[in-house]
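S.K.: First the structure, then my questions, so here it is.
Number of protein chains: 2
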Amino acid sequence: MKSKHIPRATIQRLAVYLQVLEALNDEEIEVVSSEALARACDVNPSQIRKDLAYFGEFGVRGVGYYVAKLIQSIKVSLGTDRIWRTALIGVGNLGRSLLRYKGFPKRGFQVVAAFDCDPFKIGETIAGLEVMCPRRMKENVKDMRIEIGIITTPTDRAQRAANYLVESDIHCILNFSAARIHVPDHVFVEYVDFFHHLYALTFKLNTSAVQRFESFSKN
Amino acid sequence: MKSKHIPRATIQRLAVYLQVLEALNDEEIEVVSSEALARACDVNPSQIRKDLAYFGEFGVRGVGYYVAKLIQSIKVSLGTDRIWRTALIGVGNLGRSLLRYKGFPKRGFQVVAAFDCDPFKIGETIAGLEVMCPRRMKENVKDMRIEIGIITTPTDRAQRAANYLVESDIHCILNFSAARIHVPDHVFVEYVDFFHHLYALTFKLNTSAVQRFESFSKN
């Protein structure tokens, strides 16, 4: 790896490149020009070159990119050329929907355990997984070699879920709940919040309404 | 509004500030120091000041921020001091889970219509909404004053869903599907993909494993 300090936006774009490349691969397209790839990803070709340069040299002059090879290289760079075993805590609507989601393995992840503290949910089977009590988490995490925890609890239970994960020696947490959680420094937390995408839309709508109003006033 | 070119990362952080402030508000905390707010949001105080400066002056020297007032100001800035009416297309696992999600109104959104082209789903009622055929979208969007479309279809149906939305004169699309979609220039699209958060985690795990290995090799 050339550098350990990869900007967050680059990782975000690598995820897009990977999605587009896999769609091309599904269509059995073997080679893609950097222009065509850039267009499909909604970025400019120099951005793609710059992003990939963090990890090495990938493009072939006059040809473009070999699709399957580039998919593999990006996966190696992101660490998803293997399957990461994850546990999910909080079997509500969102938790259930994620447990049933079939897209995980293709992208390098597998949910292998589900936890919920609700006695009415413990023992229930969802997508082949038996919901377990979080008190049993520590033993299960070790036995099942789980490395990532996914929190899908309501806001007020997120910190407790995080505590269970930390006590079970999990160092990576993906938090879907609306709560900010507090963990020791060696634990990485990522927050998923799709509302900022909605805010970006309403912000644009608002701004363009203001612009329309301004150009209307000028006439 | 001072500027129309607000960096994307700022909008993302405003969403975090809003969440933290609303949690404080729920606890009936009226004033927060910029240090405490920064700590709760996991950023430094100067970042908050810089982000808020796009929209005006908010902090009170020696006091900090008035929670309820700052919530309102951020909402005005983002355009979410009102309710945006949205329609959802694709009533699968994710679509159902979003339809049942109770967090929309608090954050300025309401899903008022659900569409699916599956004849077995049309007519079904989910969270009080009757699933409709997308062929009826155009009339409904107008009658129901819908401004934002949410795509939760499988990948291969996302473009068709987008076409329906564009034909119905919707200018803002939130796309949860894995497909890149093509729309006219005047239409804004936001892609939701939580996998880049997982990639950020695996990338960190990989990097710290490499670092551990390197420091081990040196000893």
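Protein sequences appear in the order of chains A and B. My numbering numbers the first residue of the first sequence as 121 and each following residue consecutively. My numbering numbers the first residue of the second sequence as 121 and each following residue consecutively. Don't be surprised by glycine CBs; every beta carbon is placed ideally from N, CA and C. The structure displayed is predicted, hence computed values, not measured ones.
#1: Would you kindly work out how many angstroms separate the C-alpha atoms of F308/A and D276/A, rounded to a whole number?
#2: Could you name the residues that DSSP lists as bridge partners for L208/B?
#3: Are the C-beta of S343/B and some C-beta of chain A separated by less than 9 Å?
#4: Is the closest heavy atom of the ligand NAP to the C-beta of V307/A under 8 Å?
#5: Between Y186/B and the rest of its own chain, which residues show a CB-CB distance below 8 Å, the 5 nearest in sequence each way excluded?
#6: Closer than 6 Å by C-beta to F229/B: which residues in its own chain qualify, once you throw out the five before and the five after it? Chain order, please.
#7: Examine the Cβ distances between the segment 285-299 of chain B and the segment 258-272 of chain B and report whether three or more of them are shorter than 8 Å.
#8: Can you list the residues of chain B that Q132/A reaches, using a CB-CB cut of under 7 Å?
#9: Between which two residues does the beta strand (DSSP E) harbouring V251/A extend?
#10: According to DSSP, is V136/B helix, strand or coil?
#11: If you measure from the beta carbon of V312/B to each beta carbon in chain A, is any gap under 9 Å?
#12: I need the straight-line Cα distance from V183/B to K195/B, nearest angstrom please.
#13: Is the CB-CB distance between R220/A and A247/A below 9 Å?
#14: Under 7 Å Cβ-Cβ, which residues of chain B neighbour Y185/A?
#15: Strictly below 8 Å CB to CB, what residues from chain A border V140/B?
#16: Bridge partners for V152/B per DSSP, in chain order?
#17: Tell me, please, which residues DSSP counts as bridged to L318/A.
#18: Specify the secondary structure class of N145/B as computed by DSSP and reduced to three states.
#19: Within 10 angstroms of the Cβ of F235/B, are there 16 or more other Cβ atoms? Answer buried if so, exposed if not.
#20: For a contact meaning CB atoms closer than 7 Å, what does F229/B contact in chain A?
#21: Spell out whether any CB of chain B is found under 9 Å from the CB atom of Y284/A.
#22: Answer with buried or exposed for E310/A, where buried requires no fewer than 16 other C-beta atoms within 10 angstroms of its C-beta.
#23: Taking the continuous alpha helix (DSSP H) assigned at V261/A, which residues delimit it?
#24: Compute the distance between the beta-carbons of A320/A and I131/B, then report whether it is under 9 Å.
#25: Can you tell me which residues form a DSSP beta bridge with N295/A?
M.R.: Let's see:
#1: On the first sequence, position 188 is the one that residue 308/A refers to. On the first sequence, position 156 is the one that residue 276/A refers to. The straight-line gap from Cα to Cα measures roughly 20 Å.
#2: To locate residue 208/B, count along the second sequence from 1; it is residue 88. In DSSP, L208/B forms a bridge with A234/B, I270/B.
#3: Residue numbering for chain B in the displayed model covers 121 to 339; residue 343/B lies beyond these limits and cannot be assessed.
#4: Annotation note on the ligand NAP: not contained in the displayed structure, which lists no ligands.
#5: If you number the second sequence from 1, residue 186/B lands on position 66. So the list reads E150, V151, V180, once near-sequence residues are dropped.
#6: The residue labelled residue 229/B in the question sits at position 109 within the second sequence. Result list for F229/B: W204, T206, in chain order.
#7: Of all C-beta pairs linking the segment 285-299 of chain B to the segment 258-272 of chain B, three or more are shorter than 8 Å, placing the two stretches in contact.
#8: Along the first sequence, one-based indexing puts residue 132/A at 12. In chain order: H316.
#9: As a first step, residue 251/A must be located in the first sequence, where it is residue number 131. Taken as a continuous stretch (DSSP letters only), the beta strand (DSSP E) holding V251/A covers 249-252.
#10: Walking along the second sequence from the start, residue 136/B turns up at place 16. DSSP places V136/B in helix when its eight states are reduced to three.
#11: The residue given as residue 312/B occupies position 192 in the second sequence. Yes, its Cβ sits closer than 9 Å to a Cβ of chain A.
#12: In the second sequence, counting from the first residue as 1, residue 183/B sits at position 63. In the second sequence, counting from the first residue as 1, residue 195/B sits at position 75. Per the coordinates, the alpha-carbon of V183/B lies some 22 Å from the alpha-carbon of K195/B.
#13: Here residue 220/A corresponds to residue number 100 of the first sequence, with the count starting at 1. Here residue 247/A corresponds to residue number 127 of the first sequence, with the count starting at 1. Cβ atoms of R220/A and A247/A: closer than 9 Å.
#14: Here residue 185/A refers to the residue found at position 65 of the first sequence. Those within 7 Å of Y185/A in chain B number zero; the least Cβ separation is about 16 Å.
#15: Numbered from 1 along the second sequence, position 20 holds the residue referred to as residue 140/B. The contacting residues are R300.
#16: Translated into the one-based positions of the second sequence, residue 152/B becomes position 32. Answer is Y185/B, bridged to V152/B.
#17: On the first sequence, residue 318/A is found 198 positions in, with the first residue counted as 1. Under DSSP, L318/A takes part in no beta bridge, so it has no partner.
#18: The sequence position of residue 145/B within the second sequence is 25, counting from 1. Here N145/B carries a helix assignment [DSSP, helix/strand/coil].
#19: Taking the first residue of the second sequence as 1, we reach residue 235/B at position 115. Classification for F235/B: buried.
#20: By 1-based counting over the second sequence, the position of residue 229/B is 109. Under the 7 Å cutoff, chain A gives L318.
#21: Taking the first sequence and counting its residues from 1, one reaches residue 284/A at position 164. Chain B contact via Cβ: absent.
#22: What you label residue 310/A is simply residue 190 of the first sequence in a count that begins at 1. E310/A is buried by the Cβ-count criterion.
#23: The residue given as residue 261/A occupies position 141 in the first sequence. Run containing V261/A: 257-263, per the alpha helix (DSSP H) assignment.
#24: Here residue 320/A refers to the residue found at position 200 of the first sequence. Here residue 131/B refers to the residue found at position 11 of the second sequence. Their beta carbons are under 9 Å apart, which means A320/A touches I131/B by this criterion.
#25: The residue labelled residue 295/A in the question sits at position 175 within the first sequence. Note: N295/A sits in a beta bridge opposite I271/A, Y311/A.
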